[in-house]
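Only one structure is covered here, and it is reproduced in the block below.
Number of protein chains: 2
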Amino acid sequence: MANTLEFRESANAAALLKQLPGRLLNRPAAKIEVLPNKDIGAAIASGSYAVDSMIVIPCSMGTLAAIASGVSDDLVSRAADVMLKENRKLVLCVRDTPFNRIHLENMLRLQQAGAVIMPAIPAFYHHPQTIDDLITQYIHRVLAQIDLAQENMYRWTGQTGVKKAEA
Amino acid sequence: MANTLEFRESANAAALLKQLPGRLLNRPAAKIEVLPNKDIGAAIASGSYAVDSMIVIPCSMGTLAAIASGVSDDLVSRAADVMLKENRKLVLCVRDTPFNRIHLENMLRLQQAGAVIMPAIPAFYHHPQTIDDLITQYIHRVLAQIDLAQENMYRWTGQTGVKKAEA
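Protein chains in written order, with the numbering used here: chain U, 143 to 309; chain W, 143 to 309.
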């Protein structure tokens with residue numbers, strides 16, 4: 143199968159992990175750091191680490207539950223816990239459907255604690271033609287949540303705007 | 143613009159509404175009934191009407207709120223209220239993202255009242271190539287919720303199954 147990188151627990155695992163972003167992007171990716179989820183001592187697990195926002199994408203219902211519980215025994219849930227305690231932006235891109243009561247209670251709890259609950263529901267008002275169009279608009283919306291300018295994001299301009307664009 | 147039918151309040155509106163399914167499907171649609179949302183006296187608004195399930199698709203957050211409130215002042219929310227009181231299946235396909243606290247409280251309330259909260263989040267494990275592939279699998283999942291057999295629905299068979307299929 144193409145586009146698959148296999149990682150096993152080994153002496154080489156850490157080195158391979160570092161190469162992952164560059165190999166996926168097919169270009170150097172010096173700004174991207176890959177961390178094992180068990181590395182709960184990583185810099186990002188501390189409120190002293192200078193970061194504005196965190197996005198968990200996709201956010202499984204297991205990860206949502208881990209964050210909602212506050213137990214913080216892996217890097218994702220510990221870093222998320224830090225974001226909430228520091229009153230920084232935390233965006234959780236949940237992707238399961240349908241929702242059971244536990245999912246809904248966890249999402250409500252986290253929303254009340256300050257997280258943005260952003261299920262991966264695609265929009266159709268920009269007339270997407272391909273799956274890539276759908277995903278791109280969703281990613282624009284997610285990045286706009288953390289205040290990154292999204293010049294190519296479709297923005298609804300009201301019925302009047304639609305009529306103008308079609309004229 | 144193609145594929146648009148315009149309806150205005152007029153003497154012809156009721157007649158045009160009846161033609162809608164056939165015109166959209168491009169074939170006779172005798173089993174489909176189109177009802178105005180203000181027709182709160184329609185048969186489906188009564189528990190005496192023989193129906194097993196109801197799907198609201200898409201379910202706007204406004205409709206979700208109307209159903210959650212129990213006010214039942216239009217046909218959709220009244221029929222949904224009847225489904226819950228009769229302990230029948232009600233599937234709500236919400237499509238907004240992100241969720242605010244009111245959305246989450248309404249979804250939780252309705253889930254506790256017996257509804258299935260089924261946000262329109264597409265799956266990717268069946269390797270969809272087109273938007274149509276994404277939507278078809280989602281519709282299979284929705285229809286499976288109301289116990290209609292979905293022979294063409296993709297079903298996850300575990301990692302072993304995936305390996306077998308690829309061999």
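We put the CB at the ideal spot given by N, CA and C, even for glycine. Note that the structure is predicted; figures quoted are calculated from it, not measured.
Query - U:Pro-200 (DSSP reduced to helix, strand or coil) - result: strand
Taking the alpha carbon of U:Ala-212 as the point to measure from, which residue in U:Asp-194, U:Arg-251, U:Cys-201 and U:Ala-185 has its own alpha carbon closest? Here the sequence assigns Gly to residue 212 of chain U, which means Ala is not the residue at that position. Taking only the C-alpha atoms, the option nearest U:Gly-212 is U:Arg-251.
* Would you grab the beta carbon distance between W:Phe-241 and U:Pro-261 for me? Rounded to a whole angstrom, and I think it's under 8 angstroms. => 7 angstroms
key: Assigned exposure category for W:Val-236 - 16 Cβ within 10 Å defines buried   = buried
Beta-carbon of U:Met-260 versus every beta-carbon of chain W: anything under 8 angstroms? yes
- Task: Would you list the one or two residues that DSSP bridges to U:Lys-231?
- Result: U:Ser-195
Can you tell me the Cα-Cα spacing of W:Met-249 and U:Ala-172, whole angstroms? 42 angstroms
Please list, in chain order, the residues of the region 176 to 202 of chain U that have any C-beta partner in chain W closer than 9 angstroms. none
* Give me the Cα-Cα distance between W:Ala-157 and U:Ile-288, rounded to the nearest whole angstrom. => 49 angstroms
Practice problem: Let me know if W:Val-176 comes out buried or exposed under the rule of 16 or more other beta-carbons within 10 Å of its beta-carbon. | Solution: exposed
In three-state DSSP terms, what is U:Tyr-280?
helix
Is the beta carbon of W:Leu-217 less than 8 angstroms from the beta carbon of W:Ile-182?
yes
query = If you drop the 5 nearest sequence neighbours on each side, which residues of the same chain put their C-beta closer than 8 angstroms to that of W:Tyr-296?
reply = Ala-265, Tyr-267, His-268, Gln-279 and His-282
Apart from the five residues on each side of it in sequence, which residues of its chain come closer than 6 angstroms, Cβ to Cβ, to U:Gln-161? none
Checklist entry - Can you pull the DSSP bridge partners for U:Val-258? => result U:Val-233
Q: Would you mind stating whether W:Arg-230 and W:Ala-187 have Cβ atoms separated by less than 8 angstroms?
A: no
- Task: May I have the straight-line CA-CA distance separating U:Ala-185 from W:Gln-271, to the nearest angstrom?
- Result: 39 angstroms
Own chain, CB closer than 8 angstroms to W:Asp-223, minus 5 neighbours either side, in chain order: Ile-209, Gly-212 and Ser-214
Check your understanding: Does any residue of chain W bring its CB to less than 8 angstroms from the CB of U:Met-225?
Key -> no
| request: Taking C-beta pairs closer than 8 angstroms, name the residues in chain W that U:Thr-272 reaches, listed in chain order. | output: Thr-272 and Ile-273
Q.
Along the chain, where does the alpha helix (DSSP H) containing U:Lys-160 start, and where does it finish?
A. 155 to 167
Exercise. Is W:Glu-247 close to chain U, meaning its C-beta is less than 8 angstroms from at least one C-beta of that chain?
Worked result: yes
Next on the checklist: Taking 6 angstroms as the limit between beta carbons, can you name the residues of its chain near U:Met-203, skipping five residues before and five after?
Outcome noted: Asp-238 and His-245
Paired residues, beta bridge with U:Phe-241 - DSSP: W:Ile-259
| query | Where does U:Gln-301 fall in DSSP's three states? | reply | helix
| said: My output table needs one value for U:Thr-313: the three-state DSSP class, helix, strand or coil. | reply: Beyond the ends of chain U as shown, which are 143 and 309, falls residue 313 of chain U; an answer cannot be given.
Which same chain residues end up closer than 6 angstroms to U:Ala-191 when comparing Cβ atoms and leaving out the 5 residues on each side of it in sequence? The residue you asked about is not Ala; residue 191 of chain U is Tyr in the sequence shown. Contacts found: Ala-185.
Legend entry - Best match in U:Asn-294, U:Glu-247, U:Glu-293 and U:Leu-226 for proximity to U:Ile-197 [C-alpha to C-alpha]: U:Leu-226
Report task. Show which residues of chain W have a CB atom less than 7 angstroms away from the CB atom of U:Thr-239. Result -> Met-260, Pro-261 and Ile-263
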